[in-house]
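Asks: This note's numbering runs 74 ahead of the 1-based position in the sequence shown.
No residue lacks a Cβ here, since even glycine has one placed at the ideal position from N, Cα and C.
Computed from a predicted model, the values in this text were never measured in an experiment.
The structure is given below, and queries will be raised subsequently.
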Amino acid sequence: MKTSDPEVIKQLLADLRHYSKEVRRTAVIKLGMVGGDEALRALILTVGNNNEDLIVRGRAALMLGKLGDPVAVESLIRALDAPGFQTPFYAAQSLGKLGDARAIEPLLNMLHSSNDKVRQAALESLERLGYDIADEDKSPALEGEES
Numbered sequence: 075m076k077t078s079d080p081e082v083i084k085q086l087l088a089d090l091r092h093y094s095k096e097v098r099r100t101a102v103i104k105l106g107m108v109g110g111d112e113a114l115r116a117l118i119l120t121v122g123n124n125n126e127d128l129i130v131r132g133r134a135a136l137m138l139g140k141l142g143d144p145v146a147v148e149s150l151i152r153a154l155d156a157p158g159f160q161t162p163f164y165a166a167q168s169l170g171k172l173g174d175a176r177a178i179e180p181l182l183n184m185l186h187s188s189n190d191k192v193r194q195a196a197l198e199s200l201e202r203l204g205y206d207i208a209d210e211d212k213s214p215a216l217e218g219e220e221s
């Protein structure tokens, strides 16, 4: 769905402010498919919006990983602390795709999540980042824990 048509992008950005969460949920997916700087900015703002529907935020995190721009790393790291499981789950997955070492410590912290899917996503992303999980006992995030 790559497009440079400013009218399409303008409509998707308007849809992102729509009262219906279903419309917003669709808009974030389409923005991720369209790509570009405006879509990237809108998705970063959406994933960080604490007042947004959790599924919308989760989908925004997913699409940030698809876009692959490292400018999203800090927002995705913050999204790991979002309520629910979708936003942290997709943020963890996306951080693995972006390949930025800044995500290692926050992902290590996610290994303590109460949600199995979030823990698995964090583990897989750590592996994608080249982190040897056998080294976890050396991590400051896990200091003081005994196996």
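Provide the residue span of the alpha helix (DSSP H) that contains G132, from first to last.
Replies: Start at 1 with the first residue of the sequence shown, and residue 132 comes out as number 58. 128-141 is the span of the alpha helix (DSSP H), which, as asked, contains G132.
Asks: What would DSSP say about L154, mapped onto helix, strand or coil?
Replies: The count along the sequence shown starts at 1 and reaches residue 154 at position 80. Collapsing the DSSP output to three states places L154 in coil.
Asks: Secondary structure at Y164, three-state DSSP: helix, strand or coil?
Replies: Locating residue 164 in the sequence shown gives position 90, where the first residue counts as 1. For Y164, the secondary structure class from DSSP, reduced to helix, strand or coil, is helix.
Asks: Which residues in the same chain have their Cβ closer than 6 Å to the Cβ of A165, if we skip the five residues on either side of it in sequence?
Replies: Position 91 of the sequence shown holds residue 165. Only A135, L150, A153, L154 meet the Cβ criterion.
Asks: Considering A88, what are the terminal residues of the alpha helix (DSSP H) in which it resides?
Replies: Locating residue 88 in the sequence shown gives position 14, counting from the first residue. 80-89 is the extent of the alpha helix (DSSP H) around A88.
Asks: I'd like the span of the alpha helix (DSSP H) that includes V108, first residue to last.
Replies: As a position in the sequence shown, residue 108 is number 34, starting the count at 1. Where V108 is concerned, the enclosing alpha helix (DSSP H) stretches over 95-108.
Asks: Kindly indicate which three-state DSSP category G170 falls into: helix, strand or coil?
Replies: In the sequence shown, counting from the first residue as 1, residue 170 sits at position 96. If DSSP states are grouped into helix, strand and coil, G170 belongs with the helices.
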